[in-house]
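Worksheet for the structure shown next.
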Amino acid sequence: MASFGLVLFPHILLQTFAGSVFLDGEKADSILRRPRRANTGLFEDTSKPDNLTSPSNSKQKKEKIAPSHVKLPEWAFEEYLMTPVPTVSAPKSRIVGGNPALPGEIPWQVALVARSTQQVFCGGSILNQLWVITAAHCLVGTQNGSFYIRVGEHDVSKTEGTEQNLNITRFISHPRYDSKVSLYNHDIALLRLRNPIRFTLTVLPICLGPMLFSNSLLQSGSLATVSGWGRLRFQGRSAVNLQKVELPYVDRTVCKESSSDPVTYFMFCAGYSDSPKDACQGDSGGPHAMRYHNTWFLTGIVSWGEECAKKGKYGVYTQVGNYYRWIQHVMGVTKGVLLKNVDL
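Mapping of the sequence shown onto mature numbering (1 follows the signal peptide of the UniProt record, and there is no 0): residues -18 to -1, 1 to 326, in sequence order.
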């Protein structure tokens, strides 16, 4: 088949270095109701959110937040884990068929850079100051030290003064990932950095949320933003400036029927069947992000597809919400032993 590895936001409350702080639903909602969000950076929207009330069987009414055009089920509102971000004063003033992102518009975007070529070969997302998330297939054949990550990048052809290059101490692919069995099933990995990222207006973490919330948001009907420096068309040149494209979630049955290869429970499709908009080679590992009242959540990881923006085909992504507990466990948020075949 002609598939390719695309090589080229519910909020988690994470303490930056030590243990994490979990909030119950009420406290988490109050954080999400703040006019200023934790990861909008230069692109702040201070519009007052609409509210929903809690289930009728609740003894006391509690406000719930949801976009005006989206109503998430009440059981989706579990604990959140959110990375504290320092206060910064704002200034006064793989992508096919997308548009250049503005500098700092996608502050959680990460570039994986090969030391041998100094080329961006994959993307990723900032989770906190010491952890980055990407696709496991990006790491196949690599060795620790053969690449580093760059944050604050926009135009790869020049230095703009916002970039930070950071080394990796180790990378951890999901324990059920086996590239010899499937290059893309359980296509998720975490990178632990040697030194912490310095958060600025153009460098901020994206958020994660519990499985039910994340997957509900994913299927809410809102468009997601996918970004990267991948090829601008199939077998074409790579982008110089960070690109972004907005894509819809695709019904799972339609997704599976359109694909020549299996689309598992741990994947989902996004895109258009007849529009030249898609991720492409080089975007792998990058974010599929969704906005929930001005806070951005990571709902997917760019994984694979059949060519790029091919008619009748869609991009396939790792469904991040399914791995919420595993991510917490690896990052040290939760203690104990995960059951490999039960707790992802």
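Even glycine gets a Cβ: it sits at the ideal position worked out from N, Cα and C.
Here the structure is a predicted model, which means the values were calculated and not measured.
For this session: Kindly indicate the opening and closing residues of the alpha helix (DSSP H) around Cys189.
Result: Unbroken run through Cys189: none, as it is neither H nor E.
For this session: Within its chain, find whatever has a CB closer than 7 angstroms to the CB of Leu205; leave out the 5 residues flanking it on each side and keep chain order.
Result: Glu228, Leu229, Pro230
Exercise. Which ranges does the alpha helix (DSSP H) cover as unbroken runs of at least 4 residues, wholly within the stretch 227 to 312, from first to last along the chain?
Worked result: 234 to 240, 306 to 312
Problem set entry | Proximity of Phe111 and Pro178 at Cβ, strictly below 9 angstroms | Strictly speaking, residue 111 in this sequence is Gln, with Phe absent from that position. In this structure, Pro178 lies closer than 9 angstroms to Gln111 by Cβ.
Exercise. When DSSP labels each residue in this structure, what does Phe216 get in the three-state scheme?
Worked result: Model confidence at Phe216 stands at a pLDDT of 42, short of 50, so the residue's coordinates are unreliable; what they give is reported in the following sentence. Here Phe216 sits in coil by DSSP.
Problem set entry | Where the alpha helix (DSSP H) through Ser196 begins and ends | 193 to 200
For this session: Under 7 angstroms Cβ to Cβ from Arg97, same chain only, skipping five residues before and after it: list those, please.
Result: Ser128, Phe129, Tyr130
Exercise. Going by DSSP, which residues form a beta bridge with Asp160?
Worked result: None, per the DSSP bridge assignment.
Problem set entry | Three-state secondary structure assigned by DSSP to Leu121 | helix
Exercise. Within the chosen definition, does the stretch 231 to 242 reach the stretch 136 to 145 through at least 3 CB pairs nearer than 8 angstroms?
Worked result: no
For this session: Measure from the alpha carbon of Thr300 to the alpha carbon of each residue in Thr246, Pro187, Gly143, then state which is nearest.
Result: Thr246
For this session: Answer yes or no: the CB of Leu229 versus the heavy atoms of the ligand HEM, is any distance below 8 angstroms?
Result: Ligands displayed in this structure: none; no statement on the ligand HEM is therefore possible.
Exercise. With DSSP run on the structure shown, which of helix, strand or coil describes Asp169?
Worked result: coil
Problem set entry | Validate contact between the stretch 100 to 107 and the stretch 144 to 163 using beta carbons, cut 8 angstroms, 3 pairs | no
For this session: Verify whether the separation of the beta carbon atoms of Ser209 and Pro269 is less than 9 angstroms.
Result: yes
Exercise. Does DSSP put Gly127 in a helix, a strand or coil?
Worked result: coil
Exercise. Out of curiosity, what's the CA-to-CA distance linking Leu94 and Asp256?
Worked result: 31 angstroms
Exercise. Could you give the residue range of the beta strand (DSSP E) that holds Gly210?
Worked result: 206 to 210
For this session: Mind reading off the beta-carbon distance from Ser196 to Met249? Whole number of angstroms is fine, and I expect it under 8 angstroms.
Result: That pair is no contact at about 14 angstroms.
For this session: Quick one: residues in its chain with C-beta nearer than 6 angstroms to the C-beta of Pro89, no 5 flanking neighbours on either side, listed in chain order?
Result: Gly23, Thr184, Val185, Leu186
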